[in-house]
Amino acid sequence: MPVKLGVRADHSFDQPLGLLSDCHRRIENFLEMLIRVLDQSNNGSTPLSDEQRRALEAALKYFAVAAPRHTQDEEQSLFPRMRASNDASAAQAFERLDALEHDHREADAAHAAVDRIGRQWLDAAVLAPAQSQEIRDLLHQLRDLYARHIEVEDKELFPLAARLLDEKQLQQVGSEMAERRGLNHPR
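Sequential numbering from 1 applies to the sequence shown in our numbering.
Have a look at this one:
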């Protein structure tokens with residue numbers, strides 16, 4: 001069964017809120033890919049096929065490189081601009097930002113453990129039963145965390161940001177996102 005490696009973005013850096021939401025689809029996709037590889041390899045007891053190895057490597061790379069940029073996009077570019085808003089109706093939403101940032105720390109720790117086990121898996125081609133159970137627990141913990149986290153951001157936070165931030169601020173967010181990826185994007 002072929003493993004789909006990526007999800008194409010529907011938005012550009014000119015539409016940073018849409019691009020952040022597109023990134024959520026990639027997070028969901030790569031997380032499900034890790035779970036599928038674990039399932040397809042009988043919880044890591046069957047040696048990885050070439051296709052499973054490529055999928056595992058791609059997902060680990062995504063969560064090691066691209067996902068931290070997404071967190072920076074939110075915490076360094078989007079959230080500070082939202083907090084600087086003078087909109088009184090947004091005060092309650094700002095409390096959610098702290099919880100979302102806490103989720104980021106929790107996800108980072110879980111991804112570090114998944115990466116450690118995943119690298120060992122790539123080296124050995126199979127997982128010991130304890131590693132298999134640990135990575136399965138971590139992946140399901142991440143699935144639950146992301147389901148809640150992404151729903152808040154996609155359905156509440158990003159629409160609020162679209163209301164609070166003007167076009168110039170959104171362009172600045174998009175430019176900073178591009179710069180994090182080594183791309184030149186005019187402000």
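We put the beta carbon where it would ideally sit given N, CA and C, even for glycine.
Sort the options by Cα distance to residue i and report the nearest one.
{"i": "Phe79", "options": "Glu153, Gly18, Arg180", "result": "Glu153"}
{"i": "Ala178", "options": "Ala64, Ala128, Phe158, Arg69", "result": "Arg69"}
{"i": "Asn86", "options": "Arg163, Ala110, Gln131", "result": "Arg163"}
{"i": "Leu31", "options": "Gln169, Glu106, Arg143", "result": "Arg143"}
{"i": "Leu145", "options": "Leu60, Glu156, Asp103, Arg96", "result": "Asp103"}
{"i": "Gln92", "options": "Leu157, His11, Gln171, Val114", "result": "Leu157"}
{"i": "Met33", "options": "Gln15, Leu56, Asp14, Pro16", "result": "Leu56"}
{"i": "Ala112", "options": "Gly174, Ala59, Leu97", "result": "Ala59"}
{"i": "Arg116", "options": "Gln131, Glu176, Ala107, Arg105", "result": "Gln131"}
{"i": "Leu122", "options": "Glu51, Leu160, Gln76", "result": "Glu51"}
{"i": "Arg96", "options": "Ala161, Arg53, Leu127, Arg36", "result": "Ala161"}
{"i": "Leu38", "options": "His140, Arg25, Ala110, Gly18", "result": "His140"}
Quick check on the burial criterion: 16 or more other C-beta atoms within 10 angstroms. Buried or exposed for residue i?
{"i": "Met1", "result": "Note that Met1 scores 36 on pLDDT, short of 50, meaning its location in the model is unreliable and no value can be drawn from it."}
{"i": "Leu20", "result": "buried"}
{"i": "Gly118", "result": "buried"}
{"i": "Asp129", "result": "Contrary to the premise, residue 129 reads as Pro rather than Asp in this sequence. So Pro129 ends up on the exposed side."}
{"i": "Ala124", "result": "exposed"}
{"i": "Gly182", "result": "exposed"}
{"i": "Ser12", "result": "exposed"}
{"i": "Lys4", "result": "Here Lys4 scores only 47 on pLDDT, less than 50, and its place in the model is too uncertain to base an answer on."}
{"i": "Ala84", "result": "exposed"}
{"i": "His149", "result": "buried"}
{"i": "Ala67", "result": "buried"}
Check your understanding: On the three-pair Cβ rule with 8 Å, is the segment 36 to 46 touching the segment 126 to 142?
Key -> The segment 36 to 46 is in contact with the segment 126 to 142.
Review point. Residue ranges of each alpha helix (DSSP H) run of no fewer than 4 residues wholly in the segment 128 to 156, ordered along the chain?
Key: Scanning the segment 128 to 156 from its first residue to its last, the whole alpha helix (DSSP H) runs of 4-plus residues come out as 129 to 152.
Point to revise | Stretch-stretch touch, CB-based, cutoff 8 Å, three pairs: the segment 168 to 175 with the segment 50 to 66 | key: In the pairwise beta carbon analysis, the segment 168 to 175 is classified as not touching the segment 50 to 66: fewer than three pairs are separated by under 8 Å.
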